[in-house]
Amino acid sequence: MDAKHKKWNCLRTFHFGRQLSSFAVKTKAKILAPTEPTHYRYRTASIIDLALDRNVPYIINAQTLTELSSDHLPVQFHIDSGTPAEIPTRFVPNWKKFKQHLIKQTEVAFIPRNKEDIDIEVERITAEIIKANRDSGSWKELISNETTEEIRMQARERNRCKKIWHKTRHPADKNRLNRAQSHLRKLYREHDQRRWNNFVTGIEPGDDSLWKLVNLYNKDRFNMPPLITDNQIDYKSIDKAEAIADSLAQQFKNNDLTPHTDFIVNRRIEILNRRPTTKNITPCSPCRSRQSDWLKNKSPDRIIPIFTGIGTMEKFRAC
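Under full-length UniProt numbering, the first residue of the sequence shown carries the number 1, and numbering increases by one thereafter.
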């Protein structure tokens with residue numbers, strides 16, 4: 001909804017802005033808007049991201065963030081409740097450890113005698129599943145700041161320059177934006193190179209980091225699908241190689257040139273050579289030969305109807 005009003009620092013007042021302001025007055029609500037624009041158009045900038053506050057006993061501040069380089073900026077509403085903000089985390093289970101934990105805790109010998117024994121066993125299995133899931137997984141942060149403070153500050157500077165250029169469209173602002181973008185790209189390259197150097201220098205023989213590095217470069221980039229042979233389906237790489245080798249050996253095997261086969265081939269060639277040659281081809285007439293000489297690389301049988309048709313047309317025109 002394009003709700004603009006001069007009450008929240010917009011240049012003009014629109015119809016939806018008047019309705020929103022009237023609704024806030026009637027309901028005794030407070031409109032929270034940042035001081036900086038949230039949407040940059042080709043010529044003007046405006047504040048269209050708002051919030052309504054009613055019966056909230058805390059101080060709420062709205063701030064426009066320049067984390068994105070798009071024309072529509074996000075808005076952060078900070079509620080000063082006096083408690084520290086929690087870092088959002090997510091539980092990531094390790095299904096391999098989960099399976100091993102259940103295998104170790106499973107009891108095979110269970111003979112139920114009544115309904116209570118079944119209920120007790122179900123509760124025990126449920127508790128083991130919950131405990132295995134809790135012990136095998138780990139909590140990870142959803143927001144991880146792997147970049148340095150210098151890169152984050154330069155990203156904000158780049159976004160700020162881009163917003164200024166969107167508003168002014170001045171060549172000097174465009175040059176300032178290009179310089180900020182180039183400097184940010186340079187900082188990213190240096191950061192990636194620094195991380196790689198630290199990873200390589202920190203490799204130790206007793207750690208699994210060396211194995212991870214070698215596995216990264218030796219890992220197959222193409223996963224061949226299973227091969228279906230005459231006897232089985234091959235899934236492993238060694239079985240696929242053997243199947244391909246057997247197929248090539250079957251395709252490129254030598255011909256059967258045993259003495260018996262050689263005798264049969266020679267016998268058939270001798271029989272073919274003993275047959276008398278026949279010459280039942282009638283020679284071409286002189287008329288066809290003269291007509292075929294007019295066009296090169298043409299068969300006489302295809303040329304005769306053409307000249308016959310031409311002669312008939314000449315006779316028809318003469319009449």
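The beta carbon of each residue, even a glycine, is placed where N, CA and C say it ideally should be.
Taking only the alpha-carbon atoms, compute the straight-line gap between residue i and residue j and give it to the nearest angstrom.
i           : j    : result
T126        : N94  : 18 Å
residue 334 : K167 : The structure shown does not extend to residue 334, since the chain is modelled only from 1 through 319, so no value can be given for it.
V75         : P34  : 8 Å
H78         : P112 : 58 Å
A3          : V56  : 23 Å
D262        : N254 : 14 Å
K30         : L20  : 11 Å
A24         : R18  : 10 Å
C161        : L210 : 43 Å
K279        : N273 : 16 Å
T277        : Q251 : 38 Å
L248        : P226 : 17 Å
T201        : K97  : 31 Å
residue 385 : L52  : Past the boundaries of the shown model lies residue 385; the chain is included only from 1 to 319, so the question cannot be answered.
T282        : V265 : 34 Å
F110        : R90  : 37 Å
A151        : S182 : The question names Ala, but residue 151 is Ile in the sequence shown. Distance between the alpha carbons of I151 and S182 is about 12 Å.
A243        : S237 : 10 Å
A241        : D208 : 30 Å
A180        : D192 : 19 Å
K99         : S136 : 9 Å
L187        : T13  : 43 Å
P88         : L32  : 25 Å
E141        : V92  : 10 Å
R317        : R275 : Caution is warranted here: a pLDDT of 49 is assigned to R317, below 50, making its placement in the model unreliable, and the coordinate value is therefore given only provisionally. Between R317 and R275, the C-alpha separation is close to 56 Å.
D173        : K163 : 10 Å
A70         : R169 : First, the amino acid is wrong: residue 70 is Ser here, not Ala. Cα to Cα, S70 sits roughly 15 Å from R169.
Y217        : F199 : 15 Å
K115        : E123 : 13 Å
R189        : T83  : 38 Å
S285        : I269 : 37 Å
P205        : S81  : 50 Å
N197        : I233 : 44 Å
I118        : V214 : 51 Å
I130        : I120 : 15 Å
R134        : K212 : 27 Å
N175        : W165 : 9 Å
E149        : T66  : 15 Å
Q63         : I203 : 44 Å
With distance defined between alpha-carbon atoms, name the residue in the options nearest to residue i.
i    : options                   : result
R195 : A172, T147 and R160       : T147
H101 : S81, F91, L227 and A132   : A132
E157 : E128, L210, Q232 and R185 : R185
N61  : N197, S70 and L50         : L50
P37  : F199, H170 and H5         : H5
T229 : D119, E128 and D246       : D246
K104 : V214, Y235, E128 and H170 : E128
N223 : N231, Y235 and N215       : Y235
With a threshold of 8 Å between beta carbons, is residue i in contact with chain B?
i    : result
T277 : The chain inventory of the structure shown lacks chain B, comprising one protein chain alone.
Is residue i buried or exposed, if buried means 16 or more other CB atoms sit within 10 Å of its CB?
i    : result
Y40  : buried
Q154 : buried
M313 : For M313, the predicted model reports a pLDDT of 48, less than 50, meaning its position is unreliable and no value from the coordinates is stated.
W139 : exposed
H260 : exposed
H15  : exposed
K28  : exposed
N159 : buried
K26  : exposed
L177 : buried
L73  : buried
Measuring from the CB of residue i, is there a heavy atom of the ligand PLP at a distance below 7 Å?
i    : result
Q250 : For the structure depicted, the ligand PLP is absent and the ligand set is empty, with no information on it obtainable.
Checklist entry - If we count Cβ pairs, one from each stretch, closer than 8 Å, do we get three or more for the region 38-52 versus the region 1-9? => result yes
Next on the checklist: Just to confirm the assignment: which complete alpha helix (DSSP H) runs, minimum length 4, are found wholly within the region 188-252?
Outcome noted: 209-218 and 237-251
Next on the checklist: To test your reading of the DSSP string, which unbroken beta strand (DSSP E) runs of 3 or more residues are found completely within the region 58-107?
Outcome noted: 59-64, 75-80 and 89-92
Checklist entry - Which ranges would you report for the alpha helix (DSSP H) in the region 143-185 if only whole runs of at least 4 residues count? => result 149-168
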